[in-house]
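Working notes, structure below.
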Amino acid sequence: MTAEPPLPPSTAVSHPVADGPPRPPRRRGGLLRHHDFRQLFLGDTISQFGTQLSLLALPVLAVRVLHADEFEMGLLATFEFLAFLVIGLPAGAWVDRWRKQRVLVAGDVIRAVALLSLPLAWALEELTLMQMFAVALVVGVCTVFFDVAYQSYLPDLVEPEHIGEGNAKLQASQSVAMIGGPALAGGLIKLIGAPLTVAVDAVSFLWSAFFIARIKHVDTPAPKEDRRPLLVEIREGLSFVVRDPLLWRITACTGISNFFSSMTGALLVLYCLRELDLDEGHIGLAMGLGAVGGLVGALATPRINAWLGEGRTIPLTSLVWIPAGALMPLAGTVIAPMVALTLSSLLVSFAVVVYNVTQVSFRQRLCPRPLLGRMNASIRFIVWGTMPIGSFAGGVLGEALGVRPVFWIALVGSAVAALPVMSSPLLTMRDLPRELDRLS
Numbered sequence: 075m076t077a078e079p080p081l082p083p084s085t086a087v088s089h090p091v092a093d094g095p096p097r098p099p100r101r102r103g104g105l106l107r108h109h110d111f112r113q114l115f116l117g118d119t120i121s122q123f124g125t126q127l128s129l130l131a132l133p134v135l136a137v138r139v140l141h142a143d144e145f146e147m148g149l150l151a152t153f154e155f156l157a158f159l160v161i162g163l164p165a166g167a168w169v170d171r172w173r174k175q176r177v178l179v180a181g182d183v184i185r186a187v188a189l190l191s192l193p194l195a196w197a198l199e200e201l202t203l204m205q206m207f208a209v210a211l212v213v214g215v216c217t218v219f220f221d222v223a224y225q226s227y228l229p230d231l232v233e234p235e236h237i238g239e240g241n242a243k244l245q246a247s248q249s250v251a252m253i254g255g256p257a258l259a260g261g262l263i264k265l266i267g268a269p270l271t272v273a274v275d276a277v278s279f280l281w282s283a284f285f286i287a288r289i290k291h292v293d294t295p296a297p298k299e300d301r302r303p304l305l306v307e308i309r310e311g312l313s314f315v316v317r318d319p320l321l322w323r324i325t326a327c328t329g330i331s332n333f334f335s336s337m338t339g340a341l342l343v344l345y346c347l348r349e350l351d352l353d354e355g356h357i358g359l360a361m362g363l364g365a366v367g368g369l370v371g372a373l374a375t376p377r378i379n380a381w382l383g384e385g386r387t388i389p390l391t392s393l394v395w396i397p398a399g400a401l402m403p404l405a406g407t408v409i410a411p412m413v414a415l416t417l418s419s420l421l422v423s424f425a426v427v428v429y430n431v432t433q434v435s436f437r438q439r440l441c442p443r444p445l446l447g448r449m450n451a452s453i454r455f456i457v458w459g460t461m462p463i464g465s466f467a468g469g470v471l472g473e474a475l476g477v478r479p480v481f482w483i484a485l486v487g488s489a490v491a492a493l494p495v496m497s498s499p500l501l502t503m504r505d506l507p508r509e510l511d512r513l514s
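My numbering puts the first residue of the sequence shown at 75, with every later residue one more than the last.
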């Protein structure tokens, strides 16, 4: 489970607007009739489907073709997320100084080139684990900049009162990709092999770049003469996160959850292929069926928020991760492997999507717009920075104890992750504060 903003998740008020051309007026028929949002939506949707292919194809490539063991699979996941720990903080300050559209297009193109190198090396019989580690690192660096710019770009394209709708639509798109993508990945891997399936993902990044480049809105960074030292700007973003009494609890919950879920995520494909005796098609089908929970969550979030209240939604959804985590270590013993994998994915997808749409919309409304990039980067540094550490720990523990005990350890971690929000004022709150509440 990735409990971020990919734990990636009302009402709103006006934000200070940076200098630049006026945004297009809101049109009837929803945000999909908004030209710029539609380009972002189309690019993201295509890329999300492609990403689902590589989520299965890359670990299958490592296990089936390069015969990676538990420790090596942990290393692969470590390199994938290492950039969030190393450059996560300065990335936000840099993004706030650059045009976000250019950051997004460049990130897509570089990721496409890096991924295309893998099927090329395989065709030349030169593919190695070291190259996979390097590609994972490059893709991870691009993802850091892309994700920070992406989350900071949406509030620039749409009016504040439509941010929640935008996040819900983007999350729904991701959920649909999570439903169809894994099954498609499993079928493609069996039909054309893992290396060529990775190539399809690379092409999807190029299509994403094409649509994002069509966005007409030009975001204007602050003039150079108005910039302060990089460390000062980084400190401002981090300070905003850690000083807000609700935001730091949500960040702690997400970070702890991602640490433990990355332990199991690094080993999941190996566990399914070698210990549960599932093939690529079974894994893709189970994960695709389970991802229906994400689509339901995206569609149901507004009603859940209205029923429970935004504040209570966050801690209550974090509790759902616990029974979801208990299913996987029981797979193959108490529960049939396909049933365990499907139900676990279903519960996790539903809970994470509701959690993310609620908390991401909250922080986008709460944060002043000039600080958005640094705020998002600070949160990513904390909540994704735990993931390379968790992945490495998962590989080490998997090598020493076996894969199944790692899932039991992660189950305990899910309960620990819920503590910061379960013991917070969120349980008594319906409406979450916004930027003007901080200024009043």
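The C-beta atom is built at its ideal place from N, Cα and C for all residues, glycine as well.
Quick one, are the C-beta atoms of residue i and residue j less than 7 Å apart?
i      : j      : result
VAL183 : VAL177 : no
PRO462 : THR125 : no
VAL480 : MET337 : yes
ARG323 : VAL495 : yes
ILE263 : ALA425 : no
SER435 : ASN241 : yes
PHE279 : GLN113 : no
VAL272 : LEU192 : yes
PRO466 : GLY162 : Note that residue 466 is Phe in the sequence shown, not Pro. Result no, Cβ atoms of PHE466 and GLY162 do not sit closer than 7 Å.
LYS174 : TYR227 : yes
SER128 : ASP275 : yes
VAL179 : ALA287 : yes
VAL428 : ILE378 : yes
Please identify the residue among the options whose C-alpha is closest to the C-alpha of residue i.
i      : options                        : result
ALA283 : VAL457, VAL187, LEU440         : VAL187
GLU307 : ALA223, ALA165, VAL134, GLY468 : ALA165
GLU384 : SER247, LEU189, LEU500         : LEU500
GLU349 : LEU404, VAL277, PRO494, LEU420 : LEU404
GLY469 : PHE334, HIS356, PRO269         : PHE334
GLY329 : SER452, GLY261, ARG478, ILE161 : SER452
ASP110 : PRO229, ALA398, GLU154, LEU159 : PRO229
LEU342 : VAL215, GLY476, ALA223, ARG448 : GLY476
ARG478 : GLY406, MET412, ARG112         : GLY406
GLY39  : LEU105, GLY148, VAL134, VAL427 : Summary: the structure shown does not reach residue 39, with the chain confined to residues 75 through 514, and so no result is reported for it.
VAL137 : LEU393, THR202, ALA276         : THR202
SER247 : GLN433, ALA223, VAL370, GLY148 : VAL370
ALA210 : LEU156, GLU144, LEU390         : LEU156
ASP118 : LEU421, ALA251, LEU493, THR375 : ALA251
VAL139 : TRP172, LEU190, GLY267         : GLY267
THR416 : PRO389, LEU244, ALA365         : ALA365
VAL490 : HIS108, GLY399, GLY181         : GLY399
ASN430 : LEU106, LEU390, MET412         : LEU390
Taking the beta carbon of residue i as the centre, do at least 16 other beta carbons fall within 10 Å, making it buried, or is it exposed?
i      : result
GLU199 : exposed
THR502 : exposed
TRP196 : buried
VAL204 : Reading the sequence as shown, one finds Met at residue 204 and not Val. MET204 comes out exposed.
SER497 : exposed
ALA86  : Residue confidence for ALA86 is low, a pLDDT of 27 falling below 50, so the modelled location carries little weight; the figure read from the coordinates is stated next. That one is buried.
PRO99  : Its pLDDT being 45, under 50, PRO99 is placed unreliably in this model, and the coordinates cannot settle the point.
PRO269 : buried
VAL486 : exposed
ALA410 : exposed
ASP221 : buried
PRO96  : At PRO96, the pLDDT of 40 sits below 50, so the modelled position is not reliable and the matter cannot be decided from this model.
ASP293 : buried
HIS141 : exposed
ILE237 : buried
ALA474 : exposed
LEU506 : buried
Looking only at DSSP bridge pairs, what is residue i linked to?
i      : result
ILE409 : ALA405
For a minimum of 4 consecutive residues, which ranges assigned as the alpha helix (DSSP H) are wholly contained in the segment 437 to 513? 446 to 457, 460 to 475, 477 to 496, 509 to 513
Please specify which runs of the beta strand (DSSP E), each continuous and at least 3 residues long, are wholly inside the segment 167 to 251, giving them in chain order. none
| request: Pick out the complete alpha helix (DSSP H) segments inside the segment 125 to 163, 4 residues or longer, and give them in chain order. | output: 144 to 160
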